[in-house]
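To start, the structure itself, in structure tokens.
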Amino acid sequence: MTSWSLSVPDLELPRDAVHVWRTRTEVSAPRLAPLAALLAPDERARAGRFLYEEDRRQYTVARGVLRSILARYLEVEPAAIEFRYGAHGKPSLAESPGGRDVRFNLSHSYGWALHAFAVGREVGVDVERIRPETDIMGVARHSFSPVEVEALTSLPEGQRREAFFNCWTRKEAFIKAHGEGIALGLSRFDVTLRPGEPAALLRFEGEPAEAARWSMRALDAGEGYKAALAVEGEEWHLRCWEYPDDGLP
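Each position in the sequence shown, counted from 1, maps to that position plus 4 in my numbering.
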């Protein structure tokens, strides 16, 4: 069970820690405005291209909170942070003030956003609402590995939807941490998925040592949601916080 602390820390991020923050994205206009003010012009432009207000709000909150937390870790103003993007769209810091190699990742889904941070190691995070309308077996046969499809099929029907979203969030967290996104190929690797089974990367096609290079953790994102964290390397400890409704002090 993930313990989300409500007390705001001094925000020191040691090399042997991974921090995850949970944020509500359904916010009032007075709370949205200061977060929107933190965005860079290109982020504001992207927010403006969303067709639906809900999507625009979720993006704005997630990016504003990202800047707010990074600013505290880096001891700079939020607006001073510049991002660059990898070939497959993964964001990173254009510059690391003070030489601090802070890595991060974010995800949002229907009312919640998760932000993950680490120093000197890649991280990926994913959160998904468990949607009853999803054709879980159709998506699994198209996107999961044969081992995962077999594991899903072997479960009682009442456990399959939970197992599907276990698998989906763990795979998404890994491809985001890896940096290649969907281009990596979701069927090239196997993760655990059975309810109650610890999150883990089991196999990576053609690269037997790759699975040992990564660790995973399931996150309790709230009732009706599944979430997962993928982290490069071992020997790290996890700390989790709720982002305050009134922002960081």
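Backbone N, C-alpha and C fix where the C-beta goes; we use that ideal spot for every residue, glycine too.
Taking the Cα positions, Ala187 is about 18 Å away from Ser96. Considering only Gly128, Asp130, Phe87, Arg164, the residue with the shortest C-alpha distance to Gly142 is Arg164. Boundaries for Thr64: no beta strand (DSSP E) harbours it, while the alpha helix (DSSP H) harbouring it runs 57-78, taken from the DSSP string. When DSSP states are grouped into helix, strand and coil, Thr27 belongs to the strand group.
In terms of Cβ geometry, Tyr77 and Leu17 form a close pair [threshold 7 Å].
For Arg145, the enclosing alpha helix (DSSP H) has its first and last residue at 140-147. Judged by their CB atoms, Leu39 and Val65 are nearer to each other than the 7 Å cut-off. Taking C-beta atoms under 8 Å as the contact rule, Val22 and Leu242 qualify, at a distance of about 5 Å. Assignment of Trp245 by DSSP, reduced to helix, strand and coil, places it in the strand class. The bridge partners DSSP lists for Asp130 are Ala232. In the displayed model, Ala98 falls within coil according to three-state DSSP, outside both helix and strand. Secondary structure in the stretch 151-225: the beta strand (DSSP E) runs of 3 residues or longer, each lying completely within the stretch, are 193-195, 205-208, 218-223 in chain order. Exclusion of the five residues before and after Lys230 leaves Glu132, Ile134, Phe169, Asn170, Thr173 as the residues of its chain whose Cβ lies within less than 7 Å of its Cβ. Here Tyr63 is buried: its Cβ has 16 or more other Cβ atoms, across all protein chains shown, within 10 Å.
Rounded to whole angstroms, Met220 and Ala41 show a C-alpha spacing of 34 Å. In this structure Thr27 touches Val69 by the C-beta definition: roughly 5 Å separates them, less than 8 Å. In this model, Val151 and Asp224 are separated by some 25 Å (Cα to Cα).
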